[in-house]
């Protein structure tokens with residue numbers, strides 16, 4: 001069916017009741033949460049300077065000047081941290097033909113008709129879209145952010161370039177927050193997902209329901225005794 | 001001659017305007033007072049300026065600013081640009097007039113124009129960091145400034161400068177503290193040729209008209225008043241001998257207006273952006289309400305178990 005592997009290093013199945021599946025290593029989870037916390041702090045400090053009615057959010061950072069100072073430095077943390085996530089996850093997020101089929105049946109996705117959807121690997125088309133749009137968004141935000149980083153970079157750019165950058169930064173940041181809402185909502189709506197990023201594992205039933213192709217491959221790899229990265233003790 | 005403003009009394013004078021006379025306040029919704037104060041204006045008659053820089057000195061003196069000792073790069077401009085300490089700057093241009101064959105030495109006193117529609121104030125995210133009084137003076141309130149540099153992007157004249165020391169924005173205040181007690185700006189007071197005069201905006205317009213008439217009689221057919229309508233007019237105006245070409249005066253903006261980028265950023269983006277975020281959040285909420293959680297069933301767990309067990313051998 002597929003030529004490439006849907007399995008990442010460290011993914012593995014453990015028999016039991018219920019069956020559990022390792023989905024994210026501790027390093028991947030730490031990497032994810034650094035990114036997540038950075039993104040939330042960036043959104044809060046950014047929104048504070050975006051709309052006057054949200055200026056009170058600067059209070060979380062110790063006032064307007066501190067929010068202004070901290071925001072771009074958190075941006076640097078986010079960029080580096082996301083780079084880590086990118087290199088961890090990019091391969092299994094490559095677009096496939098079945099992703100178009102999945103996306104074409106978005107109505108079935110939203111109405112929980114999971115049995116009508118094609119079997120999904122480690123990531124479904126929605127997750128892949130979040131991944132790629134966030135990758136693009138973060139690059140644009142970092143680039144436009146440097147242009148409007150007054151304290152260190154204002155002398156390298158003309159005021160006209162800064163005006164374009166500040167508009168792009170605002171619009172793309174809004175898109176980022178919308179994508180973030182989709183990401184968080186999906187994790188909440190699809191019950192059993194959050195454990196993947198907290199404890200690092202999901203139940204077999206969750207994998208069967210949402211990422212069956214990934215589960216099948218994990219099981220068949222195991223039966224063939226194919227070593228897949230770290231083999232956890234059983 | 002324009003009648004000079006009288007010297008002040010030595011008695012303490014209560015300020016003529018203050019917090020109650022705000023027309024606009026950055027990042028805030030305020031109700032301006034029912035009655036506007038008489039609009040004031042500073043008129044800079046470029047044709048009378050001799051380039052002595054007394055205005056620059058007076059500005060530093062009154063506002064207790066110290067400029068660094070600069071370097072000479074072969075032009076008279078000193079310093080070479082506005083800085084957080086230099087709120088006003090003589091800009092010198094050698095202009096070869098092809099019509100007359102004359103070399104004209106154009107000297108323009110650059111600084112905040114105190115726009116009626118101030119781009120800096122519209123761009124500012126910090127409540128009360130920039131205020132506009134009903135008499136037209138636009139002032140920076142430094143204790144509220146957060147140093148983001150948005151005012152720089154908002155300004156159509158490229159005036160505000162951010163200090164590398166305290167990271168706050170600085171520009172000409174039109175000597176708001178002097179004007180409040182009935183005095184003119186320090187630069188106007190110091191000008192030896194009355195190239196800078198100060199009064200009500202109406203007075204200044206009338207006085208400018210006499211100057212323009214004089215310049216026209218001397219062969220400057222395009223002499224005129226620079227009070228750009230694109231920013232609603234300004235409370236610092238120029239008499240220019242070549243009002244048809246303001247850009248020859250060291251790049252004075254021809255028909256300035258707040259950049260469409262800034263308008264889009266502070267207008268549509270602000271409202272559409274928050275609406276979009278709200279819409280996404282609302283969709284999530286409603287979707288969950290209607291469809292309920294997507295739960296893993298016991299059948300799913302059983303199927304997973306069968307798969308895991310079945311492939312054991």
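Residue numbers (full-length UniProt numbering), protein chains in the order written: chain F, 1 to 234; chain P, 1 to 313.
All residues carry an ideal CB built from backbone N, CA and C; glycine is no exception.
For the putative contact between residue i and residue j, defined by C-beta atoms under 8 Å, what is the C-beta separation to the nearest angstrom?
i: residue 161 of chain P; j: residue 170 of chain P; result: 6 Å
i: residue 38 of chain F; j: residue 69 of chain F; result: Actually they do not touch by this definition, with Cβ atoms about 15 Å apart.
i: residue 141 of chain F; j: residue 172 of chain F; result: 6 Å
i: residue 136 of chain P; j: residue 41 of chain P; result: 7 Å
i: residue 18 of chain F; j: residue 301 of chain P; result: 5 Å
i: residue 54 of chain F; j: residue 47 of chain F; result: 5 Å
i: residue 180 of chain P; j: residue 15 of chain P; result: 4 Å
i: residue 134 of chain F; j: residue 164 of chain F; result: Contact flag wrong, Cβ pair sits at about 22 Å.
i: residue 15 of chain F; j: residue 197 of chain F; result: Between residue 197 of chain F and residue 15 of chain F the Cβ distance is about 23 Å, and since that is not below 8 Å, they are no contact.
i: residue 195 of chain P; j: residue 81 of chain P; result: About 21 Å separates the two Cβ atoms, so there is no contact after all.
i: residue 88 of chain P; j: residue 172 of chain P; result: 6 Å
i: residue 315 of chain P; j: residue 43 of chain P; result: As shown, chain P starts at 1 and ends at 313. That puts residue 315 of chain P outside it, with no answer to give.
i: residue 127 of chain P; j: residue 217 of chain P; result: About 51 Å separates the two Cβ atoms, so there is no contact after all.
i: residue 224 of chain P; j: residue 243 of chain P; result: 3 Å
i: residue 270 of chain P; j: residue 51 of chain F; result: 6 Å
i: residue 106 of chain P; j: residue 248 of chain P; result: 7 Å
i: residue 224 of chain F; j: residue 13 of chain F; result: So it is not a contact: roughly 13 Å between Cβ atoms.
Once you ignore the five residues that flank residue i on each side, which residues in its own chain have a CB closer than 6 Å to its CB?
i: residue 322 of chain P; result: Nothing can be reported for residue 322 of chain P, as the shown portion of chain P is limited to 1 through 313.
i: residue 214 of chain F; result: 6, 121 and 122
i: residue 134 of chain P; result: 21, 23, 36 and 37
i: residue 250 of chain P; result: 91, 93 and 108
i: residue 48 of chain P; result: 193 and 195
i: residue 228 of chain P; result: 256
i: residue 166 of chain F; result: 148
i: residue 129 of chain P; result: 26, 141, 144 and 145
i: residue 157 of chain F; result: 147
i: residue 9 of chain P; result: none
i: residue 110 of chain P; result: 89 and 91
Leaving out five residues on either side along the sequence, give the residues of the same chain with a beta carbon under 7 Å from the beta carbon of residue i.
i: residue 72 of chain F; result: 145 and 149
i: residue 114 of chain P; result: 136, 137, 138, 174, 234, 235 and 236
i: residue 99 of chain F; result: 125 and 128
i: residue 232 of chain P; result: 115, 116 and 117
i: residue 189 of chain P; result: 58
i: residue 86 of chain F; result: 135
i: residue 200 of chain F; result: 22, 23, 24, 25, 26 and 29
May I ask you to check if the CB of residue i is nearer than 8 Å to at least one heavy atom of the ligand SAH?
i: residue 4 of chain P; result: Ligands are entirely absent from the displayed structure, and the ligand SAH is therefore not among its contents.
Ignore the nearest five residues each way along the sequence and tell me which others in residue i's own chain have a CB closer than 8 Å to its CB.
i: residue 138 of chain F; result: 78, 79, 82 and 176
i: residue 306 of chain P; result: none
i: residue 165 of chain P; result: 84
i: residue 114 of chain F; result: 108, 209 and 210
Give me the subset of the stretch 141-170 of chain P whose CB atoms are less than 7 Å from a CB atom of chain F, sorted by chain position.
Correct list: 146, 147, 148, 149, 152, 153, 158, 162 and 167.
How do the stretch 51-66 of chain P and the stretch 179-197 of chain P stand: do at least 3 beta-carbon pairs fall below 8 Å, yes or no?
Judged by Cβ distances under 8 Å, the stretch 51-66 of chain P makes contact with the stretch 179-197 of chain P, as three or more pairs qualify.
At a CB distance below 9 Å, what residues from the stretch 278-305 of chain P approach chain F? Give them in sequence order.
279, 280, 281, 283, 284, 285, 287, 288, 291, 292, 293, 294, 295, 296, 297, 298, 299, 300, 301, 302, 303, 304 and 305
Could you tell me whether the stretch 224-242 of chain P touches the stretch 202-212 of chain P, using the rule of 3 or more Cβ pairs below 8 Å?
yes
Taking any Cβ of chain P, which residues in the stretch 141-168 of chain F have a Cβ under 8 Å from it, in chain order?
Contact residues of the stretch 141-168 of chain F toward chain P are 148, 150, 151, 154, 159, 160, 162, 163, 164, 166 and 167 (C-beta to C-beta distance below 8 Å).
Between the stretch 187-204 of chain F and the stretch 293-307 of chain P, can you find at least three pairs of beta-carbon atoms closer than 8 Å?
yes
Ignoring anything shorter than 4 residues or poking outside the stretch 74-108 of chain F, list the alpha helix (DSSP H) runs there in chain order.
97-104
When Cβ atoms are compared, which residues of the stretch 99-130 of chain F fall closer than 7 Å to chain P?
Those would be 110, 111 and 112, in chain order.
Output needed in chain order: residues of the stretch 4-23 of chain F with a Cβ under 9 Å from some Cβ in chain P.
13, 14, 15, 16, 17, 18, 19 and 21
In chain order, what are the residue ranges of uninterrupted beta strand (DSSP E) at least 3 long that sit wholly in the stretch 27-69 of chain P?
40-45
Should the stretch 120-137 of chain P be called in touch with the stretch 253-268 of chain P, which here means at least 3 C-beta pairs below 8 Å?
yes
Segment contact, 8 Å Cβ cut-off, at least three pairs: the stretch 88-100 of chain F with the stretch 116-135 of chain F:
yes
Go through the UniProt domain "4Fe-4S ferredoxin-type" (103-135) of chain P residue by residue and report every complete run of the alpha helix (DSSP H) that reaches 4 residues or more, in order.
Runs of the alpha helix (DSSP H) inside the UniProt domain "4Fe-4S ferredoxin-type" (103-135) of chain P: 119-123.
Using a Cβ-Cβ cut-off of less than 7 Å, list which residues of the stretch 186-197 of chain F approach chain P; keep chain order.
189, 190, 191 and 192
Residues, ordered as in the chain, of the stretch 246-269 of chain P that lie near chain F by beta-carbon distance below 7 Å:
259, 261, 262, 264, 265 and 269: these are the residues of the stretch 246-269 of chain P whose beta carbon lies less than 7 Å from some beta carbon of chain F, given in chain order.
Using 8 Å as the threshold, is the stretch 203-212 of chain F in touch with the stretch 142-156 of chain F, meaning 3 or more CB pairs across them?
no
Would you check if the stretch 105-121 of chain F and the stretch 173-180 of chain F touch, i.e. whether three or more CB-CB distances between them fall below 8 Å?
no
Which residues, in chain order, does the UniProt domain "4Fe-4S ferredoxin-type" (103-135) of chain P contribute to contact with chain F at a C-beta distance below 7 Å?
125, 126 and 127
Note down, in chain order, all residues in the stretch 59-72 of chain P with a beta-carbon under 7 Å from any beta-carbon belonging to chain F.
Flagged: no residues at all.
Touch check for the stretch 76-94 of chain F and the stretch 178-186 of chain F: three-plus C-beta pairs under 8 Å?
no
Suppose only complete runs of 4+ residues qualify. What are the alpha helix (DSSP H) ranges in the stretch 169-236 of chain P, listed by chain order?
For the stretch 169-236 of chain P, whole alpha helix (DSSP H) runs of length 4 or above, ordered along the chain, are 176-179, 186-190 and 201-217.
Assess contact between the stretch 39-53 of chain P and the stretch 141-155 of chain P, defined as three or more Cβ pairs (one per stretch) separated by less than 8 Å. Is contact present?
no
Suppose only complete runs of 4+ residues qualify. What are the alpha helix (DSSP H) ranges in the UniProt domain "4Fe-4S ferredoxin-type" (136-165) of chain P, listed by chain order?
Listed in chain order, they are 150-154.
Are the stretch 151-159 of chain P and the stretch 68-75 of chain P touching by the rule of at least three beta carbon pairs closer than 8 Å?
Output reads no: the stretch 68-75 of chain P does not touch the stretch 151-159 of chain P.
Could I get the ranges of all uninterrupted alpha helix (DSSP H) runs contained in the stretch 260-309 of chain P, with 4 residues as the minimum, in chain order?
260-266 and 268-291
For the stretch 49-67 of chain F, list every residue whose C-beta sits within 9 Å of some C-beta in chain P, in sequence order.
49, 50, 51, 52, 53, 54, 55, 58, 63, 64, 65, 66 and 67
Closer than 9 Å between beta carbons: that is the criterion. Which residues of the stretch 22-38 of chain P meet it against chain F?
26, 27, 28 and 29
Please list the segments of the alpha helix (DSSP H) lying wholly inside the stretch 21-54 of chain F, counting only runs of 4 or more residues, in order along the chain.
26-50
Looking at chain F, which residues of the stretch 71-104 of chain P have a Cβ within less than 8 Å of any of its Cβ atoms?
Cβ contacts with chain F come from no residue of the stretch 71-104 of chain P.
Identify each residue in the stretch 210-235 of chain P for which the Cβ-Cβ distance to at least one residue of chain F is less than 7 Å, and report them in chain order.
Identification of residues in the stretch 210-235 of chain P having a C-beta nearer than 7 Å to some C-beta of chain F yields an empty set.
What residues in the stretch 177-199 of chain P bring their beta carbon closer than 7 Å to a beta carbon of chain F?
Interface annotation for the stretch 177-199 of chain P against chain F: empty, criterion Cβ-Cβ distance under 7 Å.
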